[in-house]
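Input: a single structure, listed below in structure tokens.
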Amino acid sequence: MKREQRFETSMKMTNHIAYGITLLFIEGFLLCGFLATFDYAPEANAENKENSISEHLNGKPSILPVTYTLYQDVHVMIWIGFGFLMTFLRRYGQSAIGLTFLVGAILVQVALLCDGVVHIKENGEALLSLQGLLSADIAVAAPLISMGALLGKTTYMQLVFMGIIELIVYTANKYIGEHLLMVVDAGDSMFVHAFGAYFGLAVSFVFGVREKPKEHHLEGPSYQSDIFAMIGTVFLWLFWPSFNSASLEGDNQQRAIINTLLSISASCVMAFATSAIVSKDNKFNMVHIQNSTLAGGVAIGTAAGMMCRPIGALAIGSLAGVLSVVGYKFLTPLIQKHLRIHDTCGVHNLHGMPGVLAGLFGALMAGIASEESYYYSLYAIFPARAPSSEAKLAEIRDDYNRISAGFDRTAGEQAAYQLLALLVTLGIAIVSGLITGLILRMTMFGSITEDQKFDDAVHWELEEEAHEQDTSKHVEGSTRANDQLPMGHM
Amino acid sequence: MKREQRFETSMKMTNHIAYGITLLFIEGFLLCGFLATFDYAPEANAENKENSISEHLNGKPSILPVTYTLYQDVHVMIWIGFGFLMTFLRRYGQSAIGLTFLVGAILVQVALLCDGVVHIKENGEALLSLQGLLSADIAVAAPLISMGALLGKTTYMQLVFMGIIELIVYTANKYIGEHLLMVVDAGDSMFVHAFGAYFGLAVSFVFGVREKPKEHHLEGPSYQSDIFAMIGTVFLWLFWPSFNSASLEGDNQQRAIINTLLSISASCVMAFATSAIVSKDNKFNMVHIQNSTLAGGVAIGTAAGMMCRPIGALAIGSLAGVLSVVGYKFLTPLIQKHLRIHDTCGVHNLHGMPGVLAGLFGALMAGIASEESYYYSLYAIFPARAPSSEAKLAEIRDDYNRISAGFDRTAGEQAAYQLLALLVTLGIAIVSGLITGLILRMTMFGSITEDQKFDDAVHWELEEEAHEQDTSKHVEGSTRANDQLPMGHM
Amino acid sequence: MKREQRFETSMKMTNHIAYGITLLFIEGFLLCGFLATFDYAPEANAENKENSISEHLNGKPSILPVTYTLYQDVHVMIWIGFGFLMTFLRRYGQSAIGLTFLVGAILVQVALLCDGVVHIKENGEALLSLQGLLSADIAVAAPLISMGALLGKTTYMQLVFMGIIELIVYTANKYIGEHLLMVVDAGDSMFVHAFGAYFGLAVSFVFGVREKPKEHHLEGPSYQSDIFAMIGTVFLWLFWPSFNSASLEGDNQQRAIINTLLSISASCVMAFATSAIVSKDNKFNMVHIQNSTLAGGVAIGTAAGMMCRPIGALAIGSLAGVLSVVGYKFLTPLIQKHLRIHDTCGVHNLHGMPGVLAGLFGALMAGIASEESYYYSLYAIFPARAPSSEAKLAEIRDDYNRISAGFDRTAGEQAAYQLLALLVTLGIAIVSGLITGLILRMTMFGSITEDQKFDDAVHWELEEEAHEQDTSKHVEGSTRANDQLPMGHM
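Residue numbers (UniProt numbering), protein chains in the order written: chain A, 1 to 490; chain B, 1 to 490; chain C, 1 to 490.
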């Protein structure tokens, strides 16, 4: 590091105390928000006499719903899964796991607030339940996916504010999709994965306009960091069935588990196969294995609970695995070169394209869904297809009492709405991402210089720094370590 | 690496594109198999009107069975547990976790197919359920155990085909044991652990005949890789009670959880104790800690649900812990020297001997099982011991309605059948393993040269390779790094 | 290492075989204890005819309680969470995870025995149930916390005996608090966290009297070890809601989950904020992030099930996050300097102060608890507040049938008892810790020299040792590696 650069670094650093104080204020605002809005949901509220009387439970206390299991699986996916998946960079592992931790902890509270505002009751209260915690965890996935596109190129303050803005837009978009367009997206492949990926890519585009992305000596893995990243990959792969089925129930939920397992298994095999075919010397490439193996989980998401049959789940997973590896190999370099969009983790290949594929597959499956293959649960899965006439409804309810009045949509109409929701999601993600990118370039959020990119030393008090500053051989030592002995330096 | 070796390497590599294409074909065959065979089980099928009507559920959708929790625990054991347990080698961590991932994803589909074929219905359909997914995960453990014996000495294509053959034989052997011999093996210690271990050792024997195993400079851990391996060890240790109890129910299941926890805790303590006694300077040896601590989980497996009392569980676990460490210290070197069987992970000590011990202990417990200590659940746990006469059955069913007609076996007969199943399992494992070993030596599966053993560079595009090939000092640098600074090289 | 020191080392090592044999004897004693005492609880016992008849289950076997999920979450916290959290030291990672494993496996059996003795039945039997396994896991947390204060400065035999003594005292103290003082401590913040921390600090004080703590060249992290430690941190953070709610039921349990999630999220954000404010260059410090982010889980523990409202949970978590970081930055150095108490992991800041805070907050919440906000569940949560008169009880039981007769305590009295329990816990912890420290200084447990501190080589047969002993450059090589290339050596 030359003297000028070091000077510039310490200039930037003066912002950090302001950042710390800003974090304090953010948590303060969240406290105010919770104070103004939230109370416990009835099932968690001791004031609720039903919990005490509970004749319906034969006088026993209610049992913790098994949903909590799925919630904890998703919980592990968000913090361990996403966090360790991003530790693949040689000198950015502490930031990957650490900033996922910080950003996640802030945003889970923001997501609860956003969800509370949407579901606010007439008395101005919103209610906190296990279901709400689950929704919040799923929402947090979207900004963490966007973070993947920007990894190593932002200050943490940029990430935090990006996440806050993104969650507000996410909530609006999901509301439009679920409540206005009445589409199905069981595993949130459109609302979380596609949304998060294209939002993040739009932000990265704005960053790239100012400064063309170029090769960076720290933008690569070390032998150990690739193994750390596999902790994230494998936990994501294992718990994806829980992610896609967590908000469903009954046979729908069990089907989502089976479909997701099949799809993600097929995408794993196909990602390995394609990696061996397209890589140098026909070996496997760790980047593909860490990411594309998971594409099947995204691609089945929208249709996870639908009757796509085992073969359908395997087929869409296989396709996603191939598509994702091909994206890493051929598309990402083109996008970086021609569109100046740098995508550190390749979220376009893991979340973007497979998310769009999920939306298309969901529309296809919705377009062929019939009473024949779903019986009356058709109207529970696609509520807008339920009849609007009370006469027809009453007949159905004789057999199946969980149906509300719908809008008499045909299969084709439902498919069209599914496609519309996909387009709306992509449009909102890209536009809001571009605007957010411009906002994040404001000086108050700070920025990372080319030299500071992908380097933990920007965010963390590292032990070695102390050592290095004591020795006059600092410059040479550091350079040599990075070039010849990537791990030796660490 | 000398020039000739490098040439040989690039020769071998030309096979890799064929391997990639073979993987595509394998997934294609799996798709065809699923297309021909599978549909959703009733509880996951929307066509099934019962899910809609569900009067028996008061009109509520069925709740996800808590079995899913156990399933996810087993899921973590297979991919995180086995995967990371095998990362202990200095330069084979990426292969350990990566190939576990690939092989697991292929074989879980193969296991579902095998299970489907066994349980096929008259209309030619097989049904996919959560229970089926659980069985498939457990089945996959067998080939992953065999892989432990061969780790670092095969191409991935050899592993994949070994796994496919092994799963077919495994399914046949388990069918013989469970349905023909009607024996109990709750935690699959005979059918999975002993079977997988002796199958793998037989394959390794065939490999060793051609090329005598010798010391290899990469066959050892690094400081970091030993810690990575502990991730696998500890997750296996924690979730073993779920593995042994997942296929049981009622008091039987809770007993299996308690017995397994006690047994595996005792084996952990005894493995540490024995390691301190037999190791150099009386320190602990990481290999023992990573593996022998788990032997109690295997050893209690067959009898996990039986009334062996807390003291029985502790005793068998203690014995297994000692046996396993002694195996590592004294038996493995002898087996390698005299039988030419090289056992990379020491599966003989973790799965082989403890699996046999489990079979013997299971036979003992079956031999002393009586109506006195089991009441009528005796006939649920040992179905062959149930009376064949309807009169006696009717009497039992007054109190206990989950009994089918059996074969009036005595305790002694049941014990003999348990021993027979153990012998059959060992016999089938060894014979089929030898045959499989011969098949895998066919050139179409490729092979690993002595020089390529235990080296990730065979399977993975490594970042450092690019660096190294640019420099003329490659040979020296590499050698020095390995000898003096094992981790510095990585 | 000079020749004298090496000699001294080999002297110490001769104790090790005695240690190994001692471990054998400990497991032997445990077997005797279990033999004398334990049988399966009714729900896990096949002898129990109710499991067979089970009319109350419509003839179906009982389903595994969802508690098992929470149990497994806690299980992961204890061994993966605590184990990896302590791997942060550069050269003590194998001991951190390995000794957690050993000590945990011994102590979980000791905890079961202690619990069995407390709950022994008239016929001299104690019963093993899933609930008992859960309690044992929670009890094991206390000595593992104490181990955090002593990490790197003891032999494993010292840790094992410390743990055994501590668990006996822990059981007594918890009995006093729960059964005699009848206080509430849902997440065991007083009984486990505060107790474990102050017990460990008292032991460390005794150690420091003999030998003043000084700076040690191995007492610091490496780049990789800091990432390993984050595995522990994040799993602890994720599963803390399970820890605090595992022993509760009904709305109380769901409230504890929600409160804990909010508190620990707030403490995570505040720990980052405070770390950025107090650290050099206003960067984050890994020690704070690994530990103080969890302080909110401790601080809400006592009141986790109380009606502290979402805002209360956030506020106490925020406060704990700040307090903990401030403790690391300013208090720990003072305590080390003036009180000679060396605290390797800073348990005073993660478990000590937040535990006391939890006790105070619990007293406050108990002091404002009323029938208005809890309805009749007030008497289930605070059993001592229930009326003693049968007339009043009968009236309550019309609505709420899970109430036993109490002692008519007022809110203020309950608060006073909560404070008393906190003081008793601190007093017992410190006094018994001091005595234990004196016992552990007896030569039979061995000791660690200044030179051996924080070094895995004391406990483990390390691969590199073999290398190093072959070369005459051992001394220089080792020193250089540690000073200039901390990781290069590993």
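Using N, Cα and C, we set each Cβ at its ideal position, and we do this for glycine too.
Given the structure is predicted, the values throughout are model-derived calculations rather than measurements.
Query	Result
Inter-residue Cα distance where the pair is N173 (chain A) and I428 (chain A)	7 Å
Sub-9 Å separation of Y40 (chain C) and Y156 (chain C) beta-carbons	no
Test item: CB-CB of V140 (chain A) and A111 (chain A) under 9 Å	yes
Inter-residue spacing [alpha-carbon to alpha-carbon] between G163 (chain A) and F199 (chain A)	10 Å
contact_flag[the region 259 to 269 of chain A, the region 193 to 209 of chain A] where n(CB pairs < 8 Å) is 3 or more	no
Proximity of T410 (chain A) and M190 (chain A) at Cβ, strictly below 9 Å	no
Neighbour flag for P387 (chain B) against chain A, beta carbons, 9 Å	no
Beta-carbon neighbours of E166 (chain A), restricted to chain C and to distances below 9 Å	Result: empty, since nearest Cβ-Cβ is about 17 Å, beyond 9 Å.
Contact list for P143 (chain A) against chain B, beta-carbon separation under 7 Å	None at all; the shortest Cβ gap to chain B is about 26 Å.
Test item: CB-CB of G208 (chain B) and H342 (chain B) under 9 Å	yes
L24 (chain B) beta carbon less than 9 Å from that of T274 (chain A)	yes
Check: A429 (chain A) C-beta below 8 Å from any heavy atom of the ligand HEM	You won't find the ligand HEM in this model; it holds no ligand whatsoever.
Cutoff 8 Å; reference M307 (chain B); Cβ partners in own chain excluding five residues on either side	R255, M365, A369, S373, Y374
G33 (chain A) versus N48 (chain C): straight-line alpha-carbon distance, rounded	53 Å
Buried/exposed call for S225 (chain A), threshold 16 Cβ in 10 Å	buried
Cutoff 9 Å: M230 (chain A) Cβ touching any chain B Cβ	yes
Environment of F239 (chain A) [buried if 16+ CB atoms lie within 10 Å]	buried
Cβ pair T332 (chain B), L294 (chain B) closer than 9 Å	no
Close-in-space but distant-in-sequence residues of the same chain around V458 (chain A) (CB under 7 Å, 5 per side omitted)	I448, Q452
Chain C residues whose Cβ lies nearer than 7 Å to that of F272 (chain B)	L23, L102
Contact list for the region 286 to 301 of chain B against chain C, Cβ threshold 8 Å	M286, I289, T293
Given K329 (chain C) as reference, the closest of C:I277, C:R309, C:L438 once Cα atoms are compared	C:I277
Residue environment, S389 (chain A), which counts as buried when at least 16 other CB atoms sit within 10 Å	exposed
Where D408 (chain B) sits in the DSSP three-state scheme	coil
Check whether L422 (chain B) and L360 (chain B) have beta carbons under 9 Å apart	yes
Through-space distance from G297 (chain A) to C114 (chain B), alpha-carbon basis	24 Å
Delimiting residues of the beta strand (DSSP E) encompassing D39 (chain A)	38 to 40
Where the alpha helix (DSSP H) containing A295 (chain C) begins and where it ends	295 to 299
Short CB-CB distance (under 9 Å) between A18 (chain B) and chain C	no
9 Å Cβ cutoff, P65 (chain A) in contact with chain B	yes
Selected residue, minimal CA-CA separation from I145 (chain B), among B:A194, B:M182, B:E125, B:H288	B:A194
CB contact flag (I168 (chain C), A46 (chain A), <9 Å)	no
Whole-angstrom C-beta distance between L128 (chain B) and A345 (chain B), which should lie under 8 Å	With the sequence shown as reference, residue 345 (chain B) is identified as Cys, and Ala is not the correct amino acid for it. 32 Å between Cβ atoms; not a contact.
Beta-carbon proximity of Y223 (chain C) to G93 (chain A), cut-off 9 Å	yes
8 Å Cβ shell around E125 (chain B) - same chain, five flanking residues per side excluded	T37, F38, D39
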